[in-house]
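Right, one structure below, let's go through it.
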Ligand code: NAD
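In this note's numbering, the protein residues as written are 17 to 491.
In structure tokens:
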């Protein structure tokens, strides 16, 4: 597929294309434009030109278009879902859900955008007023990781568009196709040319040129912490606004009186969803010593029910996207084994029959883990979790916070006050008590520590695409 710029498919000036791989078969099934810095100029020109008129469109008109685009996403969720399942390897039903959830978020941002307000402080000075208004920030560069291409795009897209920004999206080179399909739908909905553009290519080829381009006003990035730091450094040098949604290594504390009937399925689901390629997945389980054995056994039994396979079968998990992402799971499991952990289930690459051509790693539970092991310290981004016992709540909180990351944390406690006290102590952008839901659209999402800067979703997400301006008015 070509780039999508100025409302049309646009061949890259580089003249180059790269294969898009089906991670189940390891074979190329499509191509994407491998853009270069000349293509960066073309796309940034388009977005900057469109910004000049898009920012003047009344918000209500923008909201109408946004609802129309959201409906088109729903109408096409099966077709885009199939492409997403093929490029990502995640079960089809989950891919279709991702498109529909993205449509819901797009609708939500349209409505929330209509509620944005300015302020006039009551200074009570004759012939004077000061007005606080919000301006759209300008051209927004969206850079996203491979794992939830549409969810991560729509966390930025609707918020930026509703306030009058234009967008240049650079999806991951592993999963670029679904994002390109969404851009075409927005044009069908009636968006003017240049408002929503997609450029594809390798981060190392075009990333720096996109980030530092004079027309880029804000970078909304989701991806790994090291890439985020690189982008953050460049952004700081050029005074660009930035939101960073980075890596995670999220803990769950299971108290002595927790309801395991709820806790165990919730933990298993959020440990292995998307083959563990999930930023706020559960990575570390801390169970009270008195229930530790039961927790380990129940986690193992639940995990044993998961089926690994092709996204177009009745599987729960597909392959890892590529060897690099796969390797961490294998390495962390080997490291834990060497250091005395007990691999309760999984732990070795699946290679027989249908698994032969993909990077399939089974859901893996590592018992008797400790903080000398990689699995308890560094992001896995794969289907591996460590389990460790604790004696006191203070110890559990200290262990949970003993991480450079702070994206999400979870606690299961029978006594609700205890659950809330623990939640207040946990260093994370979001904390779930006594169940785990997908992040809601109207509340902020983001991380502390090395998990990021800023928030997406909710009105906070929208405000981050605006600049405050004060107008002093004498009359
Ligand atoms: P990655 O950092 O390798 O790539 C992310 C994006 O950055 C891709 O589009 C890539 O092409 C681009 N990129 C790479 N180098 C670049 C450069 N020099 N300049 C500009 N862009 C560049 O991450 P990944 O492997 O795709 O995704 C996995 C990571 O993403 C994990 O660490 C995961 O935790 C994180 N993630 C975080 C969230 C969140 O909300 N916090 C959500 C999903 C994924």
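Idealized CB from N, CA, C, for every residue including glycine.
Alpha carbon to alpha carbon, how far is residue j from residue i? Give it in angstroms, no decimals.
| i | j | result |
| --- | --- | --- |
| residue 473 | residue 175 | 8 angstroms |
| residue 161 | residue 422 | 18 angstroms |
| residue 278 | residue 93 | 31 angstroms |
| residue 134 | residue 35 | 48 angstroms |
| residue 173 | residue 381 | 37 angstroms |
| residue 24 | residue 190 | 22 angstroms |
| residue 97 | residue 121 | 17 angstroms |
| residue 364 | residue 377 | 7 angstroms |
| residue 443 | residue 418 | 9 angstroms |
| residue 305 | residue 287 | 21 angstroms |
| residue 43 | residue 37 | 5 angstroms |
| residue 242 | residue 141 | 51 angstroms |
| residue 154 | residue 285 | 39 angstroms |
| residue 358 | residue 213 | 49 angstroms |
| residue 22 | residue 411 | 56 angstroms |
| residue 48 | residue 32 | 9 angstroms |
| residue 54 | residue 455 | 38 angstroms |
| residue 226 | residue 95 | 30 angstroms |
| residue 257 | residue 130 | 23 angstroms |
| residue 218 | residue 63 | 20 angstroms |
| residue 6 | residue 386 | Outside the displayed span of the chain (17 to 491) sits residue 6, for which this structure offers no information. |
| residue 50 | residue 471 | 31 angstroms |
| residue 166 | residue 237 | 13 angstroms |
| residue 324 | residue 107 | 10 angstroms |
| residue 281 | residue 346 | 24 angstroms |
| residue 67 | residue 233 | 11 angstroms |
| residue 400 | residue 59 | 40 angstroms |
| residue 251 | residue 126 | 28 angstroms |
| residue 488 | residue 239 | 41 angstroms |
| residue 222 | residue 260 | 18 angstroms |
| residue 348 | residue 425 | 21 angstroms |
In chain order, what residues of the same chain lie with their CB nearer than 6 angstroms to the CB of residue i, ignoring the 5 residues before and after it?
| i | result |
| --- | --- |
| residue 300 | 267, 392 and 402 |
| residue 105 | 39, 40, 327, 334 and 335 |
| residue 144 | 490 |
| residue 78 | 178 |
| residue 27 | 18 |
| residue 362 | 378, 379 and 380 |
| residue 29 | 54 and 55 |
| residue 467 | 262, 264, 421, 422 and 423 |
| residue 192 | 48 and 216 |
| residue 255 | none |
Quick one: what's got a C-beta closer than 7 angstroms to residue i's C-beta in the same chain, skipping five residues either side?
| i | result |
| --- | --- |
| residue 439 | 427, 447 and 449 |
| residue 283 | 268, 298, 301 and 315 |
| residue 339 | 375 |
| residue 303 | 270, 311, 403 and 405 |
| residue 45 | 36, 38 and 102 |
| residue 201 | 85, 88, 89 and 92 |
| residue 320 | 361 |
| residue 389 | 351, 352, 355, 357 and 402 |
| residue 272 | 304, 306 and 307 |
Leaving out five residues before and five after residue i in sequence, what residues of the same chain have Cβ atoms less than 8 angstroms from its Cβ?
| i | result |
| --- | --- |
| residue 90 | 115, 116 and 119 |
| residue 61 | 231 |
| residue 169 | 118, 158, 160, 185, 187, 195 and 198 |
| residue 65 | 210 |
| residue 206 | 81 and 84 |
| residue 373 | 40, 41, 42 and 43 |
Next item on the list: Mind the definition here: the region 181-191 touches the region 262-276 only if three or more C-beta pairs lie below 8 angstroms; say whether that holds.
Entry: no
Item checked: Contact between the region 390-405 and the region 433-448 (3+ Cβ pairs under 8 angstroms) -> no
Next item on the list: Mind listing, in chain order, the continuous alpha helix (DSSP H) runs of no fewer than 4 residues lying wholly within the region 42-95?
Entry: For the region 42-95, whole alpha helix (DSSP H) runs of length 4 or above, ordered along the chain, are 53-70 and 75-91.
Next item on the list: Could you tell me whether the region 449-459 touches the region 300-310, where touching means 3 or more Cβ pairs closer than 8 angstroms?
Entry: no
Notebook entry, point to check: Mind pulling the beta strand (DSSP E) runs of 3 or more residues that sit fully within the region 186-237?
Noted result: 212-214
Checklist line | Completely contained alpha helix (DSSP H) runs for the region 327-409, where each covers 4 or more residues | finding: 339-354
Check: Is the region 57-74 touching the region 94-113, taking contact as three or more C-beta pairs under 8 angstroms?
Finding: no
Notebook entry, point to check: What are the complete beta strand (DSSP E) segments, minimum 3 residues, inside the region 98-161?
Noted result: 144-152 and 155-159
Margin query: For the structure I just gave you, are there three or more beta carbon pairs, one from the region 480-489 and one from the region 143-150, closer than 8 angstroms?
Written below: yes
Check: When the Cβ atoms of the region 399-415 are set against those of the region 246-257, are three or more pairs found closer than 8 angstroms?
Finding: no
Item checked: Complete alpha helix (DSSP H) runs within the region 237-317 (minimum length 4 residues, chain order) -> 241-253 and 276-288, all fully within the region 237-317.
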